[in-house]
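These protein sequences, in sequence, are chains W and E. Position 99 of the first sequence, counted from 1, bears residue number 99 in this note's numbering, the numbering being contiguous throughout. Adding 1000 to a residue's 1-based position in the second sequence gives its number in this note's numbering. By construction, the Cβ of each residue, glycine as well, lies at the ideal position given by its N, Cα and C atoms. Accompanying notes for the structure given below.
Protein chains: 2
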Amino acid sequence: MAATEKITIMDIARRTGLSKGTVDRVLHNRGEVSKKSYAKVMEAIQELGYEPNVFASLLAKGGKVLVAVLIPESEHGSFWELAASGIAQAAESVTAVGIDIVHFEYDQYDIESFRKASARMLDAHPSGVVMAPMFQGETEVLTEALQEQGIPYCFIDSKPDTNGYLSYFGMPLYKSGYLCADQLTGGHDVSAVLIVRIRRDRFRQSDPTVNRRAGFLDYMMENYPDCRIDNVFIQPNDPDDIDSALSAYFRLHPDVRHVVMFNSRIHLLVPYLERHPDPERRVVGFDNLKANMDALRSGTVSVLIGQRPDEQVRLAIETLAEYAIRGKQPQKKDHFMHMDILTPFNVEDY
Amino acid sequence: MAATEKITIMDIARRTGLSKGTVDRVLHNRGEVSKKSYAKVMEAIQELGYEPNVFASLLAKGGKVLVAVLIPESEHGSFWELAASGIAQAAESVTAVGIDIVHFEYDQYDIESFRKASARMLDAHPSGVVMAPMFQGETEVLTEALQEQGIPYCFIDSKPDTNGYLSYFGMPLYKSGYLCADQLTGGHDVSAVLIVRIRRDRFRQSDPTVNRRAGFLDYMMENYPDCRIDNVFIQPNDPDDIDSALSAYFRLHPDVRHVVMFNSRIHLLVPYLERHPDPERRVVGFDNLKANMDALRSGTVSVLIGQRPDEQVRLAIETLAEYAIRGKQPQKKDHFMHMDILTPFNVEDY
DNA sequence: ATTATTTCCGTTACCGTGCACGGAATTCAA
DNA sequence: TTGAATTCCGTGCACGGTAACGGAAATAAT
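This is the structure:
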């Protein structure tokens, strides 16, 4: 497959009767070369099938490639902690080949902290940026700055409607709602389901749950149009509120056995659910946070639908590295990644 | 996280009052250095936190790293075709950093072809080898040769009971049978299931299906001890035989609605199953071959349990590259990887 | 025709390591 | 005390590419 090539810049210099300086100029087409020479060099490159030696190039250029990752703070047990661990993994695997990764965090509910993190990131002069777009306006500001400086960037998790990014890696949100509904019902008729939602302030611009809910509702509409859909809102940081909200609901609807949440916080329900066990209950949530997986193991949660923020991060970093090192554009722009179904029987290996 | 280090071999040479030649000698401890100098250099390395520049090293050493992959022929639509595609992916991502991959194939039913492929592989003098152990005796012969030459190797898919390998990447087979049983029954009581098996010759030494079957049977025993387990054997290359075998079985047991196969060939049943549709039937198989995924899409197969040969290959290659480039041992030897549950609702993104 | 500009190109000094070669310093044999 | 044999270590080139520098050739201006 791969040949044992050894054609160097000198080979093509000799072949064309020019010097390596000239060859280098056309390789990086930075001008100062006559049409004729340019053509000759290009031809020789084609014929000999020249490919630059990355090591030599990086060595001479004297740079490590630096990729910056700009994502929300990885609070303990949060979704972004998974992504952060993905950074560590990716770092592990790519630093071996001279790519450095810097990680910038911000408070996902605080625009100002995002601005500051962006600024610090730009100061690091990375050769590529991986980011999760949280604040639409600020994201635009940032991407414009990046484009101005010619720094390529990738989105993970979700993406805005702009177009200047190099690649996007994320989950198909609408479809994940659909899948969720199928796992919740197990293909059997269901008379009522409870959706637990988080009452959140309007800070966040991009909310993955709306698309998920849409997919979920469409599935239910199509397959079980008579199923009743209830909503209960909770305060994520107030255990008492969660407890009372659920208690109130289930007092009215003791027959409801299907519970779902569209964000990564299904673990918030665990205390209540464990105090009111029901072997027939079916609970489906998203994302393989540790707390969620524990709930799966204990049987409180039936199914988790997971994505791989770590893999998303890795792929984004690799894409950027590839681009920075050899200037290669990825073949696909948008990468919708697989959704993992986790049950008590396969959770151990995730 | 990562520092902007720039400590070179020269820095520590100056620091110790020695020359880079000497430093180099202790770095690769190839002798010809006095105790005293050795100690001084080691100390300086510690203090300055010296880390060799991979680029310069690779450049000087003049070599690309070459990783050989030795797996069964990737017949169209077969399991190993997935692995092969993984090689392509991995190649894509790692050639960027100077790692070359060579792919050697053999007929998994022909020991002689394995021997030849091994020989050709050794001739290529790879710096690392990824292999799937098919023939126990021959695998031993090969690994001995590799060890003699100091070439590290990784196993994927399954592994022998030896110990000299660098890493193993594969699926937990027993547990996959367990998971399979859970998906087949869907947690509901079942009175009878049909296991379709392939009557194969005794060429293959390692057969993943026996462990899977064991896990499956244990699950059934534990949860539904009264369930009847039937076995039907088919000839994989003879469609007529498959048809008649299944016809004969279902004539006797028209009530059986749960069908499972433990190898990657569930797609062989599709023609029969499609001619005798049954919306209540539940069919579970293994591995995301294209044909299997098509069957999933069409609804003939209910669930597939997939592994990622491509990811296994990638990880193995990365491990070897890491080891070859920086001599770093992986932290874990055996990597049991996650099992993916594929349903019609998430199959598209795999 | 001479000078001033451009345009184009060759030379050269790196980048950080690996390694061969030969010489200095040390030890051993006489 | 010399010469020979070791042990140790410094020098210098190679690896393939980058980019600054300056000069030759071609073109323009005077």
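Cβ of E:T1185 within 8 Å of any chain W Cβ: Chain W contact via Cβ: absent.
C-beta neighbour in chain W for E:Y1038, strict 8 Å: no
Coil, strand or helix - E:G1137 by DSSP: helix
Three-state class that DSSP yields for E:P1271 in the structure shown: helix
Beta-carbon proximity list for W:A3, same chain, < 6 Å, skipping 5 on both sides: Low local confidence applies: a pLDDT of 39 at W:A3 is under 50, so the model's placement there is unreliable, and no value is given.
Option nearest W:A351 by Cα separation, candidates W:F262, W:D230, W:N237 and W:V260: Look at the range of chain W in this structure, 1 to 350, and you will see that residue 351 of chain W is not part of it.
Check whether W:V256 and W:L194 have beta carbons under 8 Å apart: yes
Within 8 Å, strictly: CB atoms of W:Q307 and W:D287: yes
Cβ-based burial, E:P1152 [other Cβ within 10 Å; buried from 16]: So E:P1152 ends up on the buried side.
Residue environment, W:Q183, which counts as buried when at least 16 other CB atoms sit within 10 Å: buried
Minimum Cβ-Cβ distance from W:L194 to chain E less than 8 Å: No - not a single Cβ of chain E is within 8 Å of the one on W:L194.
Length-filtered (3 minimum) beta strand (DSSP E) runs lying within the stretch 226-270 of chain W: 228-234 and 258-261
From W:F250, W:I325 and W:D241, residue whose alpha carbon lies closest to that of W:E51: W:I325
Cβ neighbour criterion (16 or more within 10 Å) applied to W:S302: W:S302 is buried by the Cβ-count criterion.
Endpoints, beta strand (DSSP E) assigned at E:F1155: Y1153 to I1156
CA-to-CA distance, W:A181 to W:G170, given in whole angstroms: 20 Å
Inter-residue Cα distance where the pair is W:S78 and E:D1334: 28 Å
Bridge partner(s) assigned by DSSP for E:D1340: E:G1306
Euclidean distance between Cα positions of W:F18 and W:S127: The residue you asked about is not Phe; residue 18 of chain W is Leu in the sequence shown. Going from the Cα of W:L18 to the Cα of W:S127 covers about 32 Å.
Any chain W beta carbon closer than 8 Å to E:H1338: yes
7 Å Cβ shell around E:E1322 - same chain, five flanking residues per side excluded: K1328
Close beta carbons around W:I45, own chain, < 7 Å, minus the five adjacent residues each side: Cβ within range, chain order: I12.
Where E:A1068 sits in the DSSP three-state scheme: strand
Cβ of E:A1056 within 8 Å of any chain W Cβ: With 8 Å as the cut-off, E:A1056 counts as an interface residue toward chain W.
Run of the beta strand (DSSP E) containing W:A192, from where it starts to where it stops: A192 to I198
Rounded C-alpha distance that separates E:M1001 from W:H103: No answer about E:M1001 holds up, because its pLDDT of 34 lies below 50 and its placement is not dependable.
Buried versus exposed, by CB contacts within 10 Å (16 or more), W:E47: exposed
Nearest-angstrom Cα separation, counted from W:P160 out to W:P239: 33 Å
Test item: CB-CB of E:Y1106 and E:E1073 under 8 Å: Yes. Within cutoff.
Cβ of W:S191 within 8 Å of any chain E Cβ: no
Within 8 Å, strictly: CB atoms of W:T209 and W:F155: Here W:T209 is not near W:F155, since their CB atoms are 8 Å or more apart.
Closer than 9 Å at the beta carbon, the chain W residues around E:T1343: Near E:T1343 (Cβ distances below 9 Å), the residues of chain W are L179, D182, Q183 and I341.
Cross-chain neighbours of E:D1294 in chain W, by beta carbon under 8 Å: Ordered by position in chain W, no residue passes the 8 Å Cβ test against E:D1294, which lies about 17 Å from the chain.
Residues near E:S1264 in its chain [Cβ-Cβ closer than 8 Å; skip 5 each side]: So the qualifying residues of the chain are S1078, F1079, G1285, F1286, D1287, L1289 and N1292.
Proximal residues of chain W, C-beta to C-beta of E:Y1174 below 9 Å: The contacting residues do not exist; E:Y1174 stays about 12 Å from chain W at best.
DSSP three-state assignment for W:A2, whether helix, strand or coil: Annotation note: pLDDT 37 at W:A2 (below 50); position unreliable, no value reported.
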